[in-house]
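Colleague: In UniProt numbering, the protein residues as written are 1 to 616.
Here is the structure:
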């Protein structure tokens, strides 16, 4: 077969993705038709497989841009032509965003090819999120039109002297006869220079405070030329081509209509918008994990040493199995968290903090162990695989930093320890919300922004469901659907959760003094969430997927005996400091067989195949 040129425009059957005129075409390829079931499938097809990438996404081309610290403009134009920006816009505003898990998977697809592109293009969603959360109907409509047409938005939160301390911000907005005047500098802002729109958090009360800041959506095209100055791009260790710069306002006049939400409501709006953006950031880490696993398995399968391949060595297979399990654990957490935006919206202050802290940390582990296996090749910037792994490792470091670093997110959990303890002890569970979150193959309920809250009064239903979830796992083991050893692992996690909540209850702190032990407790809580997510996803989906054949990302046998679940629960217990039984550790070796013999397994592909090939 003569493959189509990888710079061709994707024309997926059954969708209008990539078609400005909205028409539909069928593509014939050797008697087969590529049928895209989703936007994710269409984008995956457009960007291509390793060795057959779209020319703007070829690793060598992206590596050269990285060396020159040049923005990947051509790759971003491909995403624009595809219509990815429409997925940053809610369906109620004329866009395609009706499922936050789909958005996460779209950005994961981009991140799998290049994190700089994903960060540079995806920032528009972050820049627009505050309007989706608090904007009036006209603002939402107008911004939806601009973003859908390709306008770039950035989020002006941080300042040179204050970093993540939003309440210390000095950029000020003062009333004028025609609206507001902005003064001051925002710094280390992604797309501050390239972006047309900047959503700016500004001090509107001299003494500041939680109600002393407001948000303004600034359209640079409507400002006088001398009203702002874009600051030089800041050289960075990773994502070297991204527009990480800043902007200074000089009596920049904006109309009353630029105010997003109420005067004084800026910090509250930002904190709610962060619940959406922090969760979606899991996409960046998951895409990085996909690429790392591919590079590691390709190397292990192809490298010969002492007369056999590396993958034949028990230690290498164990590493492959362990990082595969860590990647699946991160993926389960990301899927449950993104589904929860729709089904457990009022709990997202907890869920988003868990996802943003844990998922990048798990993927850091994947990259660290992958580098150990690759050896010197993990450091080569040109010689091995176009330097993709070395670039990936550098680029991924930023994921744990922006939109609130790991410490900030764990502190958000610490603040809610009393509510988490009360919810667990009283068994407060939104059963319907948890069940729906754990069924990612089904359309989610519509997202209702009014249900977002600064704190979760109920706690965290996913963790609080552990007693019932573990009982269900035990019941499946007794019915013969799972090995008894998996239920034993679940029991140990239930016991860990019980002990953890006792320690949470005993934790003492003051508003300005968080002891280091509190952050360790928060990390343990995240791992209990991840374990619960894995169990729930297996319980709600194994009966269908244990017998499904074809392109499912997890082979049916991994569902039938709960192998992937066993490996993930073993990973949780290991990270919690437990010692594994030899048989539980051997689950990693069995998982490695599937990773090395076929491809690294994924949950998302199993729940929604990226593409299927059927007779024309």
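Where is the CB? At the ideal position from N, CA and C, for every residue including glycine.
Quick one: what does DSSP say residue 423 is sitting in, helix, strand or coil?
Modeller: The count along the chain shown starts at 1 and reaches residue 423 at position 423. Residue 423: helix per DSSP, three-state reduction.
Colleague: For residue 275, count neighbouring Cβ atoms within 10 angstroms of its own Cβ and tell me buried if that reaches 16, exposed if not.
Modeller: What you label residue 275 is simply residue 275 of the chain shown in a count that begins at 1. Residue 275 should be labelled buried.
Colleague: Taking residue 341 as the reference, which of 438, 254 and 247 has the closest Cα?
Modeller: One-based indexing of the chain shown puts residue 341 at position 341. Selected option, being the one with the closest Cα: 438.
Colleague: Quick one: does the C-beta of residue 312 sit closer than 7 angstroms to a heavy atom of the ligand MG?
Modeller: With respect to the ligand MG, the structure shown offers nothing to examine, as it has no ligands at all.
Colleague: Using beta-carbon positions only, say whether residue 607 and residue 440 come within less than 8 angstroms of one another.
Modeller: The residue labelled residue 607 in the question sits at position 607 within the chain shown. The residue labelled residue 440 in the question sits at position 440 within the chain shown. Taking 8 angstroms as the Cβ cut-off, residue 607 and residue 440 qualify as a contacting pair.
Colleague: Of all the options 195, 46 and 265, which has the alpha carbon lying nearest to the alpha carbon of residue 201?
Modeller: Position 201 of the chain shown holds residue 201. The option with the nearest alpha carbon to residue 201 is 265.
Colleague: Residues in the same chain with beta-carbon distance under 7 angstroms from residue 419, minus the five sequence neighbours each way, listed in chain order, please.
Modeller: In the chain shown, residue 419 corresponds to position 419, counting from 1. Same-chain partners within the cutoff: 455, 456, 457 and 459.
Colleague: With DSSP run on the structure shown, which of helix, strand or coil describes residue 595?
Modeller: By one-based count along the chain shown, residue 595 stands at place 595. Of the three classes helix, strand and coil, the one that applies to residue 595 here is helix, per DSSP.
Colleague: With DSSP collapsed to three states, give me the class of residue 168.
Modeller: As a working note, residue 168 is residue 168 in the chain shown. Note: residue 168 maps to helix in three-state DSSP.
Colleague: Can you have a look at residue 349 and say buried or exposed, based on whether 16 or more other CB atoms are within 10 angstroms of its CB?
Modeller: For the purposes of this step, residue 349 is taken as residue 349 along the chain shown, with counting starting at 1. That one is buried.
Colleague: Go ahead and label residue 257 buried or exposed: buried means 16 or more other beta carbons lie within 10 angstroms of its beta carbon, across all protein chains shown.
Modeller: The count along the chain shown starts at 1 and reaches residue 257 at position 257. Classification for residue 257: exposed.
Colleague: Sort out for me which residues DSSP pairs residue 197 with in a bridge.
Modeller: One-based indexing of the chain shown puts residue 197 at position 197. Answer by DSSP bridge pairing, in chain order: 153 and 219.
Colleague: Thinking residue 113 and residue 57 are a contact (beta carbons under 8 angstroms), I'd like their distance in whole angstroms, please.
Modeller: In the chain shown, residue 113 corresponds to position 113, counting from 1. In the chain shown, residue 57 corresponds to position 57, counting from 1. Rounded, the Cβ-Cβ distance is 5 angstroms, consistent with contact.
Colleague: Measuring alpha carbon to alpha carbon, tell me which of 388, 331 and 376 ends up nearest residue 531.
Modeller: Taking the first residue of the chain shown as position 1, residue 531 is located at position 531. Of the listed residues, the one whose Cα sits closest to residue 531 is 331.
Colleague: Please report the distance separating the alpha-carbon of residue 290 from that of residue 603.
Modeller: Here residue 290 corresponds to residue number 290 of the chain shown, with the count starting at 1. Here residue 603 corresponds to residue number 603 of the chain shown, with the count starting at 1. Cα-Cα distance, rounded: 12 angstroms.
Colleague: Rounded to the nearest angstrom, what separates residue 526 and residue 354 at their Cα positions?
Modeller: Residue mapping note: residue 526 aligns to position 526 of the chain shown, counting from 1. Residue mapping note: residue 354 aligns to position 354 of the chain shown, counting from 1. Taking the straight line from one Cα to the other gives about 5 angstroms.
Colleague: Whole angstroms are fine: how far does the CA of residue 510 sit from the CA of residue 605?
Modeller: Numbered from its first residue, the chain shown carries residue 605 at position 605. Numbered from its first residue, the chain shown carries residue 510 at position 510. Whole-angstrom Cα-Cα distance: 45 angstroms.
Colleague: So, for residue 428: in the same chain, excluding its five sequence neighbours on each side, which residues have a beta-carbon less than 8 angstroms away from its beta-carbon?
Modeller: Numbered from 1 along the chain shown, position 428 holds the residue referred to as residue 428. Only 422, 458, 459, 461 and 464 meet the Cβ criterion.
Colleague: So for residue 177, helix, strand or coil by DSSP?
Modeller: Position 177 of the chain shown, counted from the first residue, corresponds to residue 177. DSSP places residue 177 in coil when its eight states are reduced to three.
Colleague: Let me know if residue 582 comes out buried or exposed under the rule of 16 or more other beta-carbons within 10 Å of its beta-carbon.
Modeller: To locate residue 582, count along the chain shown from 1; it is residue 582. Classification of residue 582: exposed, given that the 10 Å Cβ count is below 16.
Colleague: With C-beta atoms as the reference, is residue 179 less than 8 angstroms away from residue 255?
Modeller: To locate residue 179, count along the chain shown from 1; it is residue 179. To locate residue 255, count along the chain shown from 1; it is residue 255. For residue 179 and residue 255, yes; Cβs fall inside 8 angstroms.
Colleague: Which residues does DSSP pair with residue 189 in a beta bridge?
Modeller: Residue numbering aside, residue 189 sits at position 189 when the chain shown is read from its first letter. Paired residues: 245.
Colleague: Kindly indicate which three-state DSSP category residue 163 falls into: helix, strand or coil?
Modeller: Within the chain shown, residue 163 is the residue found at index 163, counting from 1. Here residue 163 sits in strand by DSSP.
Colleague: Let's test the definition: count the other Cβ atoms within 10 Å of the Cβ of residue 306 and tell me whether it reaches 16, buried, or not, exposed.
Modeller: Translated into the one-based positions of the chain shown, residue 306 becomes position 306. So residue 306 counts as exposed.
Colleague: Taking the C-alpha atoms as reference points, what is the distance between residue 39 and residue 563?
Modeller: Residue mapping note: residue 39 aligns to position 39 of the chain shown, counting from 1. Residue mapping note: residue 563 aligns to position 563 of the chain shown, counting from 1. If I take the Cα positions, the gap works out to 30 angstroms.
Colleague: Using only CA atoms, which one of 43, 216 and 129 lies nearest to residue 89?
Modeller: Against the chain shown, residue 89 aligns to sequence position 89. Residue 129 is the option with its Cα nearest to residue 89.
Colleague: Assign residue 261 to one of two classes, buried (16 or more other C-beta atoms within 10 Å of its C-beta) or exposed (fewer than that).
Modeller: Numbered from 1 along the chain shown, position 261 holds the residue referred to as residue 261. Flag for residue 261 reads buried.
Colleague: Check this for me: beta carbons of residue 436 and residue 343, under 8 angstroms apart or not?
Modeller: Indexing the chain shown from 1 puts residue 436 at position 436. Indexing the chain shown from 1 puts residue 343 at position 343. Result yes, Cβ atoms of residue 436 and residue 343 sit closer than 8 angstroms.
Colleague: Can you tell me whether residue 251 is helix, strand or coil according to DSSP?
Modeller: On the chain shown, position 251 is the one that residue 251 refers to. The answer is strand: DSSP assigns residue 251 an E or B state.
Colleague: Under a Cβ-count criterion, where at least 16 other Cβ atoms within 10 Å of its own Cβ denotes burial, should residue 237 be classed as buried or exposed?
Modeller: Looking up residue 237 in the chain shown gives position 237. Answer is exposed; the Cβ neighbour count stays below 16.
Colleague: Pop quiz: residue 592 and residue 519 are said to be a contact at Cβ under 8 angstroms. What is the actual Cβ separation, rounded to whole angstroms?
Modeller: Here the question's residue 592 lines up with position 592 in the chain shown. Here the question's residue 519 lines up with position 519 in the chain shown. Residue 592 to residue 519, Cβ: 32 angstroms. No contact.
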